[in-house]
Structures are given as structure tokens and as C-alpha cells.
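Just so we're aligned, residue 1188 is where the sequence shown starts under the working numbering, counting upward by one. Note that CB positions come from ideal geometry on N, CA and C, so glycine has one too. To keep things clear, I will list the structure first and then write my remarks on it.
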Amino acid sequence: MKSDRRGRFGFDAPKHKPIEASIQWAAENGFRYIDFQADIPPNDIAAFDTTRVRTVRNLCETHGVAIGIHPSSAINNAEYVPLMSEAVDNYLYANLELAQRLGCGWLIGHGGYHFGDVTQRRGAAIERIQRLVARAEQAEIVIFFENHNREPEHAEIHYIPHNVAETHWFFDAIQSPYFKWAFNVAHGHLVTEGWQGFLDAFGVENIGQVRLNDNTGEYEIHLVPGEGTIDFVDLFAQLNNRGYEGWFSLGFGNDADKVRIRDEFAEYLAN
């Protein structure tokens, strides 16, 4: 049924809008999943007292909407400098604790970034995600680990993991039912192997969510599908053929764009 297909979509909540309002909008427009960031008002971590936590949980239960927290990728999970490294851990644990209080189903994970010191940053990032997953197992919250975007060749920083080889670093080192892949299609479109290469390498069995927006294959930008060069018809055909039955997070445009593209993509799921 069309309604069932539409129910496989969620979105990145606007940072300026209270999460309660995003849940209400999702319910009114047939979305079932929301990623939100808990860094700045009105949704900063400190803003969630006992009363507000109860309100959010009740809204989610009433409307059948699942939520998860998407920590900032500007926080470097590959940090190894003393004091700063502890601060990064504390940031992640605070987000995980809030996710548990709110009844979230997932927390987005990032590898971090390096400045040419790849080996040291790689080790720090893997160890940090291992620690996070260990805590997530206790909290029964799944970490959805995202493949990052490629930065220009001469940029000072470079995200990890941004390609298939680097993504293997993490999934080869960490095996847990609480460690799944947040497949960012647009990020995959920026590297030589393309999003197709990621699917060939990792399949669909461990995908927690598929993240969708468009770009031209040149640099990171969140275009509305149809404004860039990603072949979404082929993407959905590949996911259907491989048996993907999970959900999709839309990270682009305004409210009207999300509803329009969601309805278009829902038709692709029928093919």
C-alpha cells in the first residue's frame, strides 16, 4: 500500500524548531522517523528536564514516530589530544544518555577528521567508537555509523571514513548488533567508487538508515533530489533488488520539498 511505503521515510529536523513541533509535523504529514541534533536551543541537552522528556516520549508514542539523535560531525571523534579527547567522549556519552532518556532508537556515529596524521587519528577514532558502542549496548540504543563526505584534495582537513576502504576500518574492527551503517548516498556520490561501490562492498544487511539528498559529485552540498546528478531511480531499484526493507532519512529542502520528494520516492519503492 502507498501509505506503507510513505511510512518508510523520515527527515532531519530543523535545528531552530522544538523537537515537539517536528514530531507533530511528522505525524500530520505521514513521516515516521526523525533525526535531531541536541546541541543548541531549543533542543540543547540541558533543555530536556523530566517534564519535557515525558512530553516528548508521549508524543512519539501517541503518533507512532521514532526519533534518534544526530550529534555534530564538527566534533572530532578522531581527537587524541589529552583533555580534548575526554571532552569528545563526554559529549558523545551525554548524547547517548539523552537518547536513552527520550526513548530514542538510535544515535548517529561519525569517524571524525584528520590533518594528515591519518594513522594516529584512525586509531583514536576506532577506539572511541568501540567505547561508544559498548555503552550503547548497555543502553540498548543502536549506533548508526555514517560514511562521511570527501573534502577537496587540498583542504586542510579530511573526514574519515569517506570512502569504502576507510569505512572498512570501522566495520572490520567493530562487530555488534548495536553497530549499523547509516548509508549516506550523497557522500558516496563524491568518491570514485560512488554509492554503488558502497553497496557492492557492504550490501544492505547491516544498513540502519539510508540518508538522502542530492549533489553534483563535486563537493558536499545538500541539494533537493533532481537538482544534482544522483540517479535515484537506479538507487531505489538497487536497494529493492537487494532486499532493503529499512527506512530513509531526507536531509534537504523545505517542508514542501520533503513531502513532494517523499511521495515520489515512495512510488519507486513499488517497482
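Could you say which of the options lies nearest to residue i if we only look at CA atoms?
{"i": "Gln-1362", "options": "Asn-1336, Glu-1414, Arg-1447 and Glu-1324", "result": "Glu-1324"}
{"i": "Val-1240", "options": "Phe-1389, Ile-1206, Glu-1266 and Ser-1259", "result": "Ile-1206"}
{"i": "Gly-1395", "options": "Gly-1375, Asn-1371, Ile-1417 and Leu-1410", "result": "Asn-1371"}
{"i": "Gly-1375", "options": "Phe-1389, Pro-1364, Ile-1313 and Gly-1292", "result": "Phe-1389"}
{"i": "Gly-1290", "options": "Leu-1456, Ile-1328, Phe-1196 and Asn-1458", "result": "Ile-1328"}
{"i": "Asp-1276", "options": "Arg-1429, Ala-1457 and Gly-1299", "result": "Gly-1299"}
{"i": "Trp-1293", "options": "Ile-1313, Val-1320, Glu-1314 and His-1301", "result": "Val-1320"}
{"i": "Glu-1432", "options": "His-1257, Glu-1392, Asn-1441 and Asp-1442", "result": "Glu-1392"}
{"i": "Pro-1412", "options": "Ala-1312, Val-1397, Gln-1425 and Leu-1437", "result": "Leu-1437"}
{"i": "Arg-1315", "options": "Tyr-1267, Asn-1458 and Ile-1232", "result": "Tyr-1267"}
{"i": "Pro-1201", "options": "Asp-1222, Gly-1430 and Phe-1218", "result": "Asp-1222"}
{"i": "Leu-1218", "options": "Lys-1204, Cys-1247 and Asn-1282", "result": "Reading off the sequence shown, one finds Phe at residue 1218, where the question assumed Leu. Nearest of Lys-1204, Cys-1247 and Asn-1282 to Phe-1218, Cα basis: Cys-1247."}
{"i": "Gln-1425", "options": "Phe-1332, Leu-1410, Asn-1263 and Asn-1458", "result": "Asn-1458"}
{"i": "Ile-1256", "options": "Asn-1263, Asn-1245, Ile-1262 and Gly-1296", "result": "Gly-1296"}
{"i": "Tyr-1278", "options": "Gln-1224, His-1355 and Phe-1435", "result": "Gln-1224"}
{"i": "Asn-1336", "options": "Ala-1311, Ser-1260 and Trp-1434", "result": "Ser-1260"}
{"i": "Leu-1283", "options": "Arg-1318, Gly-1430, Phe-1435 and Phe-1452", "result": "Arg-1318"}
{"i": "Arg-1288", "options": "Ala-1326, Ala-1311 and Thr-1354", "result": "Ala-1326"}
{"i": "Glu-1338", "options": "Lys-1367, Leu-1377, Ala-1369 and Ile-1330", "result": "Leu-1377"}
{"i": "Ala-1373", "options": "Asp-1359, Phe-1358, Phe-1452 and Leu-1410", "result": "Leu-1410"}
Would you mind sorting residue i into buried or exposed? The rule is 16 or more other CB atoms within 10 Å of its CB.
{"i": "Leu-1270", "result": "exposed"}
{"i": "Asp-1199", "result": "buried"}
{"i": "Lys-1189", "result": "Only weak support exists for where Lys-1189 lies, its pLDDT of 48 falling under 50; the value from the coordinates is given anyway. Burial call: exposed."}
{"i": "Asp-1387", "result": "exposed"}
{"i": "Glu-1304", "result": "The sequence as given places Asp at residue 1304; Glu does not occur at that position. Answer is exposed; the Cβ neighbour count stays below 16."}
{"i": "Trp-1220", "result": "Note on identity: in this sequence residue 1220 is Tyr, with Trp being the wrong assignment. Buried: at least 16 other Cβ atoms inside 10 Å."}
{"i": "Ala-1286", "result": "buried"}
{"i": "Asn-1400", "result": "buried"}
{"i": "Thr-1416", "result": "exposed"}
{"i": "Phe-1439", "result": "buried"}
{"i": "Arg-1193", "result": "buried"}
{"i": "Glu-1454", "result": "exposed"}
{"i": "Glu-1273", "result": "exposed"}
{"i": "Ala-1265", "result": "buried"}
{"i": "Phe-1423", "result": "buried"}
{"i": "Gly-1197", "result": "buried"}
{"i": "Ile-1258", "result": "As written in the sequence, residue 1258 is Pro, which differs from the Ile given in the question. That one is buried."}
{"i": "Asn-1243", "result": "Reading off the sequence, residue 1243 comes out as Val, not Asn. Classification for Val-1243: buried."}
{"i": "Phe-1302", "result": "exposed"}
{"i": "Ala-1352", "result": "exposed"}
{"i": "Glu-1333", "result": "buried"}
{"i": "Arg-1195", "result": "buried"}
How about residue i: is its C-beta nearer than 8 Å to some C-beta of chain B?
{"i": "Asp-1418", "result": "Among the chains in the structure shown there is no chain B, since it carries only a single protein chain."}
Who does residue i pair with in a DSSP beta bridge?
{"i": "Trp-1368", "result": "Phe-1332 and Ile-1394"}
{"i": "Asp-1401", "result": "Leu-1410"}
{"i": "Ser-1436", "result": "Gly-1197 and Arg-1398"}
{"i": "Ala-1424", "result": "DSSP lists no partner for Ala-1424."}
{"i": "Ala-1253", "result": "Tyr-1220"}
{"i": "Tyr-1346", "result": "Tyr-1300"}
>> Suppose only complete runs of 3+ residues qualify. What are the beta strand (DSSP E) ranges in the segment 1261–1313, listed by chain order?
In response: Listed in chain order, they are 1293–1296.
> Are there three or more Cβ pairs, one per stretch, closer than 8 Å when the segment 1341–1348 is compared with the segment 1376–1391?
Replying inline: no
>> Check whether the segment 1248–1260 and the segment 1211–1218 are in contact - that is, three or more C-beta pairs closer than 8 Å.
In response: Cβ pair count under 8 Å is three or more, so yes.
> Counting Cβ pairs, one atom from each stretch, are 3 or more of them under 8 Å apart for the segment 1235–1244 and the segment 1441–1455?
Replying inline: no
>> Does the contact criterion of 3 or more C-beta pairs under 8 Å hold for the segment 1225–1233 versus the segment 1397–1407?
In response: No, the segment 1225–1233 does not touch the segment 1397–1407.
>> Using 8 Å as the cut-off, can you tell me whether the segment 1333–1343 makes contact with the segment 1304–1316, which would need three or more C-beta pairs spanning the two stretches below that distance?
In response: no
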